[in-house]
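This report concerns only the one structure given below.
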Amino acid sequence: MSAPTPTNHAAWLPTRQSPTMVVDVAPYTAPNTDELVIRARAVAINPADVAIQAKGLLLAGDDDYPAILGCDVAGDVVEVHPLLAHAFSTGDRVIGQASPLRTKTKQNQNDSDADGNGNGNNRKVYCYSAFQEYVVLKLPFVTKIPALTGFEDATVLPLAVNTSATCLFAPECLGLRLPSSNRTQEGPNSAKEKETETETLLVWGASSSVGSCGVQLATLAGYEVIGVASKKNHDMVRSLGAKLCFDHHEPKMIDDIVRNLQGKRLVGAFDAISTDDTLAAVCDILDRSEGRKLVAAVMPGAEAKATKGVRITTNFAAAATAVTGGLGKSVWTWLGKALDEDMIKCMPPAHVVGHGLKDIQKAVDLLAKGVSAKKLVVEI
Numbered sequence: 001m002s003a004p005t006p007t008n009h010a011a012w013l014p015t016r017q018s019p020t021m022v023v024d025v026a027p028y029t030a031p032n033t034d035e036l037v038i039r040a041r042a043v044a045i046n047p048a049d050v051a052i053q054a055k056g057l058l059l060a061g062d063d064d065y066p067a068i069l070g071c072d073v074a075g076d077v078v079e080v081h082p083l084l085a086h087a088f089s090t091g092d093r094v095i096g097q098a099s100p101l102r103t104k105t106k107q108n109q110n111d112s113d114a115d116g117n118g119n120g121n122n123r124k125v126y127c128y129s130a131f132q133e134y135v136v137l138k139l140p141f142v143t144k145i146p147a148l149t150g151f152e153d154a155t156v157l158p159l160a161v162n163t164s165a166t167c168l169f170a171p172e173c174l175g176l177r178l179p180s181s182n183r184t185q186e187g188p189n190s191a192k193e194k195e196t197e198t199e200t201l202l203v204w205g206a207s208s209s210v211g212s213c214g215v216q217l218a219t220l221a222g223y224e225v226i227g228v229a230s231k232k233n234h235d236m237v238r239s240l241g242a243k244l245c246f247d248h249h250e251p252k253m254i255d256d257i258v259r260n261l262q263g264k265r266l267v268g269a270f271d272a273i274s275t276d277d278t279l280a281a282v283c284d285i286l287d288r289s290e291g292r293k294l295v296a297a298v299m300p301g302a303e304a305k306a307t308k309g310v311r312i313t314t315n316f317a318a319a320a321t322a323v324t325g326g327l328g329k330s331v332w333t334w335l336g337k338a339l340d341e342d343m344i345k346c347m348p349p350a351h352v353v354g355h356g357l358k359d360i361q362k363a364v365d366l367l368a369k370g371v372s373a374k375k376l377v378v379e380i
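Everything in the sequence shown is counted per UniProt numbering, starting at 1 for the first residue and increasing by one.
Below, the structure is given as structure tokens:
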């Protein structure tokens, strides 16, 4: 006799730009060949969640709603496709990157029909979104976490790791060498092309969620990192591996960075904020420094903001590489080992602001008001 299908609940966004999510039942979806299902225990809130709700970005059509948002999740495995039984088991503690931009329909997925939201046969099923009790995760964007690592801590990593790794390592972006999974070995892209210790990466927004991961990944790959962040966050950024930190509030900050880059060669810059102002400042620094005139940014359309002969690329331009090009598998395989060996820190620190799906809206509202050097988390 098979086990009964679990009853799922989600924080639904009922309509485009609705100011309030509504907790209601949602379909439970069984995994396909490269998938597993987890019982969510913690979710993290990202700027993308704020932008989708407030501005209707990315989910702009009427047929996209009601929708479920959420990109970062941690939890226990409850169902594994038989073809993945060699790698995962029920009860495994994992993190994964969820995605409200990937959906199924009731014609091609095995879910319960009880969703309570008027979803007809052609409705999109947001089984891959984080803001629900049962989430489908797709390989390669899932990995186990150590027994002593809390769900609330680990859930700060998935989207930030994916975004920063794409910007740093995808050939369409900076194309840097990958970090090694062994502290005593060189990275897989080293060999005769290995850079020297004076080759430096500039990370703007180094205390943000994505920037924090960028600092760690670049440092672990053997690059010297110079970080830009508010002065109050410099100790944290240095603890993640940055050699120098500069305060973006200081009027002479750009001159100070350029002076400290003398004798070094930049391998490029990673702008984890990517506003018009930050991109202009980064272009100015690269124009006045030796090395590559290339910026990896995290905002769609940032390419058009390039000035002074500097080229800007984005993680969106390299999305396919993360999935089909093997980068995602390499990074997430490395991430599991790095967590086991305590090589990577779950930073910025998690700040738990709620418990249960009902508190997700409160957390999104708090992020919309602005946070610094922490990631808002809701336990589920």
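Heads up, the beta-carbon is just placed ideally off N, CA and C, and yes, glycines get one too.
Close beta carbons around Asp-276, own chain, < 7 Å, minus the five adjacent residues each side: For the purposes of this step, residue 276 is taken as the residue at position 276 of the sequence shown. Result list for Asp-276: Lys-305, in chain order.
Beta-carbon separation (whole angstroms), Gly-70 vs Phe-151, contact threshold 8 Å: By 1-based counting over the sequence shown, the position of residue 70 is 70. By 1-based counting over the sequence shown, the position of residue 151 is 151. 14 Å between Cβ atoms; not a contact.
Ala-42 versus His-81 - alpha carbon distance: For the purposes of this step, residue 42 is taken as residue 42 along the sequence shown, with counting starting at 1. For the purposes of this step, residue 81 is taken as residue 81 along the sequence shown, with counting starting at 1. The straight-line gap from Cα to Cα measures roughly 23 Å.
Status (buried if at least 16 other CB within 10 Å, exposed otherwise) for Ser-289: Your numbering for residue 289 matches position 289 in the sequence shown. Classification for Ser-289: buried.
Cut-off 7 Å between Cβ atoms - residues of its own chain near Lys-362, not counting five sequence neighbours on either side: In the sequence shown, the residue the question calls residue 362 occupies position 362. So the qualifying residues of the chain are Val-353 and Gly-354.
Continuous beta strand (DSSP E) stretch holding Leu-148: start and end: In the sequence shown, counting from the first residue as 1, residue 148 sits at position 148. DSSP places Leu-148 in no beta strand (DSSP E); its state is neither H nor E.
Alpha-carbon spacing of Ala-67 relative to Thr-15, whole angstroms: In the sequence shown, residue 67 corresponds to position 67, counting from 1. In the sequence shown, residue 15 corresponds to position 15, counting from 1. Using only the alpha carbons, I get a separation of about 8 Å.
Cβ pair count under 8 Å reaching 3, the stretch 223–235 against the stretch 196–207: In short, these stretches touch, since the Cβ pair count reaches three.
Residue from Asn-233, His-234 and Leu-201 whose Cα sits closest to the Cα of Leu-220: Taking the sequence shown and counting its residues from 1, one reaches residue 220 at position 220. Nearest to Leu-220 by C-alpha distance, out of Asn-233, His-234 and Leu-201, is Leu-201.
Ser-274 burial status per 10 Å Cβ neighbour count (16 or more: buried): Taking the first residue of the sequence shown as position 1, residue 274 is located at position 274. So Ser-274 ends up on the buried side.
Three-state secondary structure (DSSP) of Glu-303: What you label residue 303 is simply residue 303 of the sequence shown in a count that begins at 1. Helix.
Residue closest to Leu-36, alpha-carbon to alpha-carbon, out of Val-310, Met-343, Tyr-134 and Ala-147: Start at 1 with the first residue of the sequence shown, and residue 36 comes out as number 36. When only C-alpha atoms are compared, the closest one is Tyr-134.
Meets three-Cβ-pair contact criterion under 8 Å: the stretch 44–64 and the stretch 12–32: Cβ pair count under 8 Å is three or more, so yes.
Within 9 Å, strictly: CB atoms of Arg-93 and Thr-105: Along the sequence shown, read from residue 1 onward, the residue named residue 93 stands at position 93. Along the sequence shown, read from residue 1 onward, the residue named residue 105 stands at position 105. It is not a contact, given that the beta carbons lie outside the stated cut-off.
Contained alpha helix (DSSP H) runs [length at least 4] in the stretch 1–75, N- to C-terminal order: Here the runs fully enclosed are 47–55.
Residue nearest to Leu-174 in terms of C-alpha spacing, selected from Ala-218, Gly-356 and Gly-241: Looking up residue 174 in the sequence shown gives position 174. It is Ala-218 whose Cα lies nearest to the Cα of Leu-174.
Cβ-based burial, Pro-4 [other Cβ within 10 Å; buried from 16]: As a working note, residue 4 is residue 4 in the sequence shown. Looking at its Cβ environment, which holds fewer than 16 other Cβ atoms inside 10 Å, Pro-4 is exposed.
Counterpart residues of Thr-200 in DSSP-defined beta bridges: Taking the sequence shown and counting its residues from 1, the one referred to as residue 200 is at position 200. Beta-bridge pairing links Thr-200 to Glu-224 and Leu-266.
Nearest-angstrom Cβ-Cβ length linking Lys-138 and Tyr-128, presumed shorter than 8 Å: Locating residue 138 in the sequence shown gives position 138, where the first residue counts as 1. Locating residue 128 in the sequence shown gives position 128, where the first residue counts as 1. Sure, about 7 Å apart at Cβ, within 8 Å.
Identity of the residue in Ser-164, Asn-46 and Ile-45 nearest Asn-315 by Cα: For this step, residue 315 is matched to residue 315 along the sequence shown. The option with the nearest alpha carbon to Asn-315 is Ser-164.
Same chain only: Cβ atoms within 8 Å of Asp-256, ignoring 5 sequence neighbours per side: Locating residue 256 in the sequence shown gives position 256, counting from the first residue. Within the same chain, Asp-256 has close Cβ partners Phe-246 and Glu-250.
Per-residue DSSP class, three states only, for Glu-152: Here residue 152 refers to the residue found at position 152 of the sequence shown. Annotated three-state conformation of Glu-152 is helix, per DSSP.
C-beta contact flag for Val-310 and Asp-287 at 9 Å: Taking the first residue of the sequence shown as 1, we reach residue 310 at position 310. Taking the first residue of the sequence shown as 1, we reach residue 287 at position 287. At the C-beta level, Val-310 and Asp-287 come within 9 Å of one another.
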